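Written out below as structure tokens is the structure these notes cover.
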Amino acid sequence: MDSLTSASPIEVPPAIPDQRPPRVWKFWGTTLWGLFIFAAMFLGQVAVIVYFVLRQGGSFDVAEAIRVVGSGLTISLSVILGLPAVLLATWIAIRPTRISFTDYLALRWTSWRNFFIGVAALAILVGVWDLLSRALRREVTPGFMGEVLKSAQADGALWLLVIAFCVAAPMWEEIFSRGFLYRGWSESKLGVAGAIFLSSLAWTSLHLQYDWFFFGEVFSIGVLLGYLRYRMNSTWLTIVLHGINNLAATIQTFWLAGSG
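Heads up, the sequence shown is in the working numbering, so the first residue is -15 and it goes up one at a time.
Below you can see the structure in the form of structure tokens.
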């Protein structure tokens, strides 16, 4: 009995820390998680639209619902709400990789020299498309943009539209395409060139409001931003360049529409 009562307690071995190395999602992982992020963005934007439609009350009027959905205020808030939705979904997707959010997405700044190179390259590319548009006797800016600007101005939400188009949209679109999609696809069998092409195509598909001509322009800008993401290893650079491009397009549209 003495031997039983005096026995030392069983020692519990210390927990073995998780030694799994960090990993990047490859092609299918990036694709499936990309669909998850897109769905989160879509739900975030649709929530705003549903709210404004339901707020009308009374009987459901299709014409009124279309007007509300297309208003500058509704579009501005839906684009802005896409940012937290994408950030949260992307954080969920990156967490299992054991890589920090900023490192996975290359959310680091680059040199000012690289910044000015990016600005010059973007200005040249957009300038070529503007010249081609004029040569083909097409509108330089999409008619959709002009209508949204006028609607936002009428709603007293022009400042909100500028924030949506020039800050929120560039952030979540770049985090999604040049950040998450490019990172995973570039480390798969697609390689850098395939990742730039496919992520640019995915980004272009987010702009269904444009016609084939502006689709071509958006895709070419996506390829340039993808190349800069590869060469400069900075998604912050593409976010800033994207924002500058959208701001310039907004000012140009506002000026051409005679809304000043």
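Glycine included, every Cβ here is placed at the ideal spot set by N, Cα and C. Fair warning: this is a prediction, and the values are worked out from it, not measured in the lab.
Exposure label - residue i; buried when at least 16 CB within 10 Å
i, result
"T14", "buried"
"S84", "exposed"
"L89", "buried"
"A179", "buried"
"T219", "buried"
DSSP state of residue i mapped onto helix, strand, coil
i, result
"Y166", "helix"
"D195", "coil"
"S172", "coil"
"G13", "helix"
"S55", "coil"
"N230", "helix"
"S218", "coil"
"A31", "helix"
Among the options, the one whose alpha carbon lies nearest that of residue i
i, options, result
"A232", "L57, G178, C150 and G28", "C150"
"R82", "P5, S117 and A136", "P5"
"I147", "F100, F22 and G227", "G227"
"I64", "E131, E171, V30 and Y194", "V30"
"A141", "A186, R39, G28 and S55", "S55"
"V176", "L133, P68 and V207", "V207"
"G28", "R7, L72 and W17", "L72"
Residue range of the unbroken alpha helix (DSSP H) whose run includes residue i
i, result
"R7", "Neither: R7 is in no alpha helix (DSSP H) and is coded neither H nor E."
"G175", "G175 to T188"
"V151", "Note, V151: premise wrong, no alpha helix (DSSP H); not H, not E."
"S333", "Because the chain is modelled from -15 through 244, residue 333 falls outside the range shown and cannot be assessed."
- Hey, which unbroken runs of the alpha helix (DSSP H) at 4 residues or more fall wholly within the region 70 to 125? 85 to 88 and 96 to 119
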